[in-house]
Amino acid sequence: MSGERASTIAVVPVREATLPPGGAETVAEAGGVALLAGDGAGEAADRLRGSARLLLVWESRTFQPGTWARALSGACAAADLVLLPACPDGRDLAPRLAARLGRPLLAGAVRVGPGYAVLPRDGDRHAVRVGITGPAVVTLRPGVGGAAPVRPEARCAVRRIRSDGRAPDPGEARVVEVRAPEPAAADLAEADRLVVGGAGLMGGPDGGAAAFADLAEVARGLGASLGGTRAAAEAGLVAPERRVGATGVRVSPGLHIAVGVSGAPRYLAGTGDPAHVVAVDRDPGTPMMATADLGLVTDAPGMLAALARMLRDGTVRDSRWPVDGAPFPEQAAGGAPPTRASGARTPVDPAGDG
Ligand SMILES: Cc1cc2nc3c(=O)[nH]c(=O)nc-3n(C[C@H](O)[C@H](O)[C@H](O)COP(=O)(O)OP(=O)(O)OC[C@H]3O[C@@H](n4cnc5c(N)ncnc54)[C@H](O)[C@@H]3O)c2cc1C
1 MSGERASTIA VVPVREATLP PGGAETVAEA GGVALLAGDG AGEAADRLRG SARLLLVWES
61 RTFQPGTWAR ALSGACAAAD LVLLPACPDG RDLAPRLAAR LGRPLLAGAV RVGPGYAVLP
121 RDGDRHAVRV GITGPAVVTL RPGVGGAAPV RPEARCAVRR IRSDGRAPDP GEARVVEVRA
181 PEPAAADLAE ADRLVVGGAG LMGGPDGGAA AFADLAEVAR GLGASLGGTR AAAEAGLVAP
241 ERRVGATGVR VSPGLHIAVG VSGAPRYLAG TGDPAHVVAV DRDPGTPMMA TADLGLVTDA
301 PGMLAALARM LRDGTVRDSR WPVDGAPFPE QAAGGAPPTR ASGARTPVDP AGDG
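Heads up, the final residue of the sequence shown is numbered 354 in UniProt numbering, and it's a clean run with no missing numbers.
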């Protein structure tokens, strides 16, 4: 199979008629041929019509990866490559599907091409090109590709797959409860609010440990996920899988707060197009400031310590800022340090009268 484009199908788990992160990209990567499985799969298929060629639809109220793998393996068997998004449900389903199909699984690829996949290794420090010489199952990391453009006039066939009607296997894992993820620990690629720390927090005698502890507390207070630049990840202040950027996790949050981050091209290349960007830096001339809606020119560790203290003692009562294109409140509750800049993309000095 190496060297030629294999026949490919995307298998995308759906919940409440919504595709998971990376779902549309995986369909695009499979050339618009996909099997959508789950609760509201038919509705999700309707929304993909303009960007897909062939959609197989399998409705199932509850996610049960073992039962799903058994039910779906027949529909995927003819494709050489089975691609799934490396979202939580995709990561649960893929190994079971691979086992059912008797194929190798290549997990968390950042690229798939004719006869190969590129897999990150060693905490994303290296990318390894692995040959695909036969039928395989591959999960794709969300955010590394792009969804196909929607062409309303495009023709798309939709076929329903019926359930095999068999009861779940005894001993099969069951979903007991679905809980919202803890934002600070949630997958960065899925985060709607993101707080990122950079080398500007690492100047203290402890190398930035206290500033990053404050950063984590502020992120928790804002209901945001926590990430770091490459500098912060290499210093061990954030886990390697929480490094943001072109060669780290590609993110697309609604709100991106960058603290002590210069905004190097390799960093900005992985940060998508957020609705709101806040930059905190002592230098008003950084590229990060140039991309920000709100720029705070200040000592970042000092600001974080003050903000963490205010969150702890309740001075900041409602720290949930609106996202998704909504405007910032005129003033954060209780006079919190981040106040709205009068003009977009204008740095302000919180110590001054701006
Ligand atoms: C092949 C390659 C791939 C790369 N991939 C990535 C990637 O995926 N992600 C990534 O992040 N980087 C990546 N990099 C590295 C990237 O080029 C930058 O070096 C890195 O992003 C810089 O991180 P930083 O912003 O934390 O540090 P710096 O660029 O050093 O910026 C620190 C900022 O903090 C400010 N500052 C300093 N002290 C204070 C203070 N007391 N208060 C407030 N502000 C302060 C400074 O003014 C500065 O703006 C890559 C590089 C290469 C060569």
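The C-beta atom is built at its ideal place from N, Cα and C for all residues, glycine as well.
Computed from a prediction, not measured in an experiment: that's the story for all the values here.
> Rounded to a whole number of angstroms, what is the C-alpha to C-alpha distance between residue 358 and leucine 201?
Replying inline: Since the first and last residues shown for the chain are 1 and 354, residue 358 lies out of range.
> What does a CB cutoff of less than 6 angstroms around proline 65 pick up in its chain, not counting 5 residues either side in sequence?
Replying inline: Asp92, Leu93, Arg96
> Taking the alpha-carbon positions, what's the valine 11 to leucine 35 distance?
Replying inline: 5 angstroms
>> Let me check you understand the geometry: is the CB of aspartate 299 closer than 8 angstroms to at least one non-hydrogen atom of ligand 1?
In response: In this structure, the C-beta of aspartate 299 approaches ligand 1 to less than 8 angstroms from one of its heavy atoms.
>> Taking the straight line between their C-alpha atoms, what separation do you get for tyrosine 267 and glycine 145?
In response: Rounded to whole angstroms, tyrosine 267 to glycine 145 spans 17 angstroms at the Cα level.
>> According to DSSP, is phenylalanine 328 part of a helix, a strand, or is it coil?
In response: For phenylalanine 328, the predicted structure reports a pLDDT of 41, less than 50, and the residue's modelled location is therefore unreliable. The matter cannot be settled from this model.
>> Quick check: what's the CA-CA separation for alanine 78 versus leucine 311?
In response: 56 angstroms
> Would you call the region 44-61 and the region 143-163 touching, i.e. three or more CB-CB distances under 8 angstroms?
Replying inline: yes
> Under the three-state reduction of DSSP, which class applies to glycine 208: helix, strand or coil?
Replying inline: coil
>> Less than 9 angstroms between the C-beta atoms of valine 118 and arginine 111, yes or no?
In response: Taking the C-beta atoms as reference points, arginine 111 is found nearer than 9 angstroms to valine 118.
> Just to confirm, does residue 376 get its C-beta within under 8 angstroms of one of the non-hydrogen atoms of ligand 1?
Replying inline: Given that the chain is displayed from residue 1 to residue 354, the structure contains no residue 376 and the question cannot be resolved.
>> Could you tell me the alpha carbon to alpha carbon distance between alanine 292 and leucine 226, rounded to whole angstroms?
In response: 18 angstroms
> What's the gap between the Cα of glycine 165 and the Cα of leucine 101?
Replying inline: 20 angstroms
>> With three or more C-beta pairs closer than 8 angstroms as the rule, is the region 260-276 touching the region 216-223?
In response: The answer is no - the region 260-276 does not touch the region 216-223, with fewer than three Cβ pairs under 8 angstroms.
> Within this structure, are the beta carbons of alanine 148 and alanine 28 separated by less than 9 angstroms?
Replying inline: yes
> So, proline 170 versus threonine 67, is the Cβ gap smaller than 9 angstroms?
Replying inline: no
>> Here's the rule: buried if 16 or more other CB atoms are within 10 angstroms of the residue's CB, otherwise exposed. What is threonine 18?
In response: Label assigned to threonine 18: exposed.
> Should serine 163 be labelled buried (16 or more other beta-carbon atoms within 10 Å of its own) or exposed?
Replying inline: exposed
> Of the residues Arg103, Pro88, Pro142, Gly203, which one's Cα is nearest the Cα of arginine 179?
Replying inline: Pro88
>> ligand 1 and glycine 198: does any heavy atom of the ligand fall closer than 8 angstroms to the residue's C-beta?
In response: yes
> Is glutamate 190 buried or exposed, if buried means 16 or more other CB atoms sit within 10 Å of its CB?
Replying inline: buried
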